[in-house]
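Taken in sequence, the protein lines are chains A and B. Here the first sequence stands for residues 43 to 298, numbered as in our numbering. Here the second sequence stands for residues 43 to 298, numbered as in our numbering. What follows is a single structure, written as structure tokens, with notes after it.
2 protein chains.
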Amino acid sequence: MTNPAPNPTAAILIIGNEILSGRTQDVNINFIAKRLATLGIVLAEVRVVPDIPNRIIDAVNALRAAYDHVFTTGGIGPTHDDITSECIAEAFGVPWEIHAETFAAMEKHIGKENFNAARQRMATLPRGAEPIKNSASLAPGFSIGNVHVMAGVPRIMQAMMTALEEILPRGRPIAMRSVYGIGVLEGEIAEGLTAIQNSYPELDLGSYPFLYGRTTGGVAIVAKGTDEQAIERAIAEATKLIAGLGIEAIQGEPPS
Amino acid sequence: MTNPAPNPTAAILIIGNEILSGRTQDVNINFIAKRLATLGIVLAEVRVVPDIPNRIIDAVNALRAAYDHVFTTGGIGPTHDDITSECIAEAFGVPWEIHAETFAAMEKHIGKENFNAARQRMATLPRGAEPIKNSASLAPGFSIGNVHVMAGVPRIMQAMMTALEEILPRGRPIAMRSVYGIGVLEGEIAEGLTAIQNSYPELDLGSYPFLYGRTTGGVAIVAKGTDEQAIERAIAEATKLIAGLGIEAIQGEPPS
């Protein structure tokens, strides 16, 4: 078998004072991470930056140079703190200008008398951007080069991500399986786990202690990669490792 | 009144394949963000990187140079994927060596016969590190320079953060107040909000559309900063802006 091409890589850039202030519990990272795994795109980095132009521009340029895809969320609405779109234009060194098709569609939907300057900003895109048409919002996100610009509101972001999935190049899906044991201590299985990891260098083997309730806990062992047979074998070995302690090994994720 | 010193700044570095794979919904960012706001420390950036030495080392060095404090979570347990501690040593260019006091305490607690090589790794710290003593775990996190290294398991991280709060320098607490209106559209208030933001350049004024249920939504306006009187006045103006649309302005956070 020839060596398959490596999976594409990606980063997420969350643009949002509301995450940094603690006002909002982010849920977009987790949603996008799961979707990317299904698409076979390796999520390699996440950054969260405030609504400050230079911080956004620098992060976009660093991440688009380092990874195959960049997904941004936040800052594409009509208010003064929505500056993502003009920052992306600046990052790419292109004009930020009315996108005629979007402008016409928004004007028609909202009505000429209500299509004020603030709303017209949402029809202003970096030159060369392709709108991400979606079912949740008339005002589009957009893709330019390898950067995909989405809303911050989870339901709208999710509709945009779903639309993007139709056009993103895919890799081999990244599969993940886990087994856990209640009462297992990491220090008891560390040596055995190292041996399993060394047998399957193509997989990421993770060990995650968990707690639930006030006093109960254990360890979950997670195997992740693109080779499902290797994952199955590694999980079988991890199952033996837990059973060797006289503890029942349970397939799947621990209770939380 | 003399100009007060600017608040200290901070970054969070989440070290964790489990966040990037989508296996785990992060809750540590939000916990730390809220605590930092109370302490008057400005959270200016978050990064999530995988369990890969160069990625951790590069991120630690970039963030500790850019901000007054760096808080890391994850990767300080006894298993093969717990590499944070040795990466921090490498980032600081110091030896990674047995920390005698921690070693003795762990050996006494665990018992000599069970204090195996994997567990001894947890008593191995960068030279010059100060353990973060905490109520949840014998194996310490640690501080070195301006970097504070904590566990990834939320309950243990929280205990470590609580211990750290005793020693962190503080700024003026960052306060936040919000008002929302159900049925408000951002495009209707954008111009008025810009005017309020311009009147209070010392505050961050944010506008956040929200949805709940299938069809209901609105906009929350959030004022954030260290000047509580300015926040109160800005929120009073935002309240008028919403009321001017004939919509009830409600203080606090919208339902979710």
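Think of the CB as a built atom: it goes at the ideal place given N, C-alpha and C, for glycine as much as any other residue. Just so you know, these numbers come straight off a predicted model, no measurement behind them.
Neighbourhood of residue i by C-beta distance below 6 Å, restricted to the same chain and skipping five residues each side
i	result
residue 85 of chain A	52, 75 and 78
residue 232 of chain B	none
residue 171 of chain B	184 and 186
residue 296 of chain A	222, 252 and 262
residue 181 of chain A	164
residue 288 of chain B	none
residue 270 of chain B	217
residue 129 of chain A	95, 98 and 99
residue 141 of chain B	165 and 167
residue 212 of chain B	81 and 82
residue 111 of chain A	52 and 188
residue 68 of chain A	61
Residue environment, residue i, which counts as buried when at least 16 other CB atoms sit within 10 Å
i	result
residue 237 of chain A	exposed
residue 117 of chain B	buried
residue 298 of chain B	exposed
residue 284 of chain A	buried
residue 80 of chain B	exposed
residue 163 of chain A	buried
residue 286 of chain B	exposed
residue 195 of chain A	buried
residue 290 of chain A	exposed
residue 230 of chain A	buried
residue 109 of chain A	buried
residue 293 of chain A	exposed
residue 101 of chain B	buried
residue 266 of chain B	buried
8 Å Cβ shell around residue i - same chain, five flanking residues per side excluded
i	result
residue 43 of chain B	With a pLDDT of only 47 at residue 43 of chain B, under the threshold of 50, the placement of this residue in the model should not be trusted, and no figure is reported.
residue 125 of chain B	93, 95, 98 and 117
residue 137 of chain A	131, 168 and 169
residue 235 of chain A	247, 249, 263, 280 and 283
residue 207 of chain B	77 and 81
residue 123 of chain A	59, 93 and 117
residue 254 of chain B	296, 297 and 298
Other residues of its chain near residue i: CB distance less than 7 Å, five sequence neighbours each side excluded
i	result
residue 202 of chain A	174, 176, 183, 192 and 193
residue 60 of chain B	66
residue 205 of chain A	174, 175 and 176
residue 120 of chain A	160, 161, 163 and 164
residue 152 of chain A	161
residue 62 of chain B	90 and 92
Cβ-Cβ separation, residue j to residue i (assumed contact under 8 Å), whole Å
i	j	result
residue 214 of chain B	residue 49 of chain B	6 Å
residue 178 of chain B	residue 144 of chain B	Not a contact, Cβ separation roughly 15 Å.
residue 249 of chain B	residue 228 of chain B	6 Å
residue 264 of chain A	residue 218 of chain A	6 Å
residue 113 of chain B	residue 190 of chain B	5 Å
residue 64 of chain B	residue 156 of chain A	With a Cβ gap of about 40 Å, residue 64 of chain B and residue 156 of chain A do not count as contacting.
residue 70 of chain A	residue 115 of chain A	5 Å
Residue i Cβ short of 6 Å to the ligand COA heavy atom set
i	result
residue 92 of chain B	The ligand content of the structure shown is nil, which means the ligand COA is not present either.
Residue-chain proximity (residue i, chain E), Cβ-Cβ < 7 Å
i	result
residue 197 of chain B	Although the question refers to chain E, the structure presented lacks it and instead comprises the protein chains A and B.
Inset, instruction - Would you check if there are 3 or more beta carbon pairs closer than 8 Å linking the segment 254-266 of chain B to the segment 207-225 of chain B? - result: yes
Inset, instruction - Check whether the segment 49-56 of chain B touches the segment 98-105 of chain B, counting contact only when three or more Cβ pairs, one atom from each stretch, lie closer than 8 Å. - result: yes
Legend entry - Three-pair Cβ contact test at 8 Å for the segment 263-278 of chain B versus the segment 239-251 of chain B: yes
Legend entry - Residues from the segment 140-162 of chain A in contact with chain B, defined by Cβ distance under 9 Å: 152, 156, 157, 158, 159, 160 and 161
Legend entry - Three-pair Cβ contact test at 8 Å for the segment 87-96 of chain A versus the segment 85-101 of chain B: yes
Inset, instruction - Scan the segment 120-133 of chain B for residues whose Cβ lies nearer than 9 Å to a Cβ of chain A and list them as they occur along the chain. - result: 120, 121, 122, 123 and 124
Legend entry - Interface positions of the segment 242-256 of chain B facing chain A (Cβ-Cβ less than 8 Å), listed along the chain: 246, 247, 248, 249, 250, 251, 252 and 253
Legend entry - Members of the segment 66-79 of chain B near chain A, C-beta cut-off 9 Å: 66, 67, 68, 69, 71, 72, 73, 74, 75, 76, 77, 78 and 79
Inset, instruction - Mind checking the segment 199-225 of chain B against chain A and listing, in chain order, the residues whose C-beta falls within less than 9 Å of any C-beta there? - result: 216, 218 and 220
Inset, instruction - Quick one: which residues of the segment 90-105 of chain B get their C-beta closer than 7 Å to a C-beta of chain A? List them in chain order. - result: 90, 91 and 92
Legend entry - Residues within the segment 171-186 of chain A neighbouring chain B, beta-carbon criterion of under 8 Å: none
Inset, instruction - Could you please tell me which residues of the segment 271-282 of chain B, in chain order, have their CB closer than 8 Å to any CB of chain A? - result: none
Inset, instruction - For the segment 224-240 of chain A, enumerate the residues whose C-beta is nearer than 7 Å to any C-beta of chain B, in chain order. - result: 228, 229, 232, 233, 235, 236 and 239
Inset, instruction - Scan the segment 283-296 of chain A for residues whose Cβ lies nearer than 7 Å to a Cβ of chain B and list them as they occur along the chain. - result: none
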